[in-house]
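With the working numbering, letter number 32 in the sequence shown gets 477, and the count goes up by one each step, no holes. Every residue gets a Cβ at the ideal spot worked out from N, C-alpha and C, and that includes glycine. Computed from a predicted structure; not experimentally measured.
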Amino acid sequence: MATGTGIGSLIPVAMTLVGIVTMLRARRNRRAGKTATDSDHERRKHAAAEMERRMASYLAQRSAGGQDAPADDTRQENGR
Numbered sequence: 446m447a448t449g450t451g452i453g454s455l456i457p458v459a460m461t462l463v464g465i466v467t468m469l470r471a472r473r474n475r476r477a478g479k480t481a482t483d484s485d486h487e488r489r490k491h492a493a494a495e496m497e498r499r500m501a502s503y504l505a506q507r508s509a510g511g512q513d514a515p516a517d518d519t520r521q522e523n524g525r
């Protein structure tokens with residue numbers, strides 16, 4: 446059973462080494478100019494920008510008292 450315990454303690458060490466190797470490879474690729482193009486990332490970025498634009502438009506309309514908001518009604522939402 447001592448063998449199982451020894452192997453179990455090596456797992457965090459192995460995972461740390463894998464992480465370090467991955468970081469070094471990524472750094473080397475960035476320095477060499479080998480960047481992977483991620484078209485899905487670009488699509489999500491454009492979708493997020495569109496959503497922010499729409500939200501800003503909505504908030505501007507809301508703060509300006511849009512058509513659906515009565516101008517002189519000071520009652521609460523439940524009619525009190």
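Check: Nearest-angstrom Cα distance between Asn474 and Gly464?
Finding: The residue given as residue 474 occupies position 29 in the sequence shown. The residue given as residue 464 occupies position 19 in the sequence shown. If I take the Cα positions, the gap works out to 15 Å.
Next item on the list: State the DSSP-derived secondary structure class of Ala494, mapped to helix, strand or coil.
Entry: Position 49 of the sequence shown, counted from the first residue, corresponds to residue 494. Correct three-state label for Ala494: helix.
Margin query: Which of the three DSSP states is assigned to Thr480 in this structure?
Written below: Numbered from 1 along the sequence shown, position 35 holds the residue referred to as residue 480. Residue state, collapsed to three classes: coil.
Check: Between the C-alpha atoms of Met500 and Gln506, what's the straight-line distance to the nearest angstrom?
Finding: As a first step, residue 500 must be located in the sequence shown, where it is residue number 55. As a first step, residue 506 must be located in the sequence shown, where it is residue number 61. Roughly 10 Å between the two C-alpha positions.
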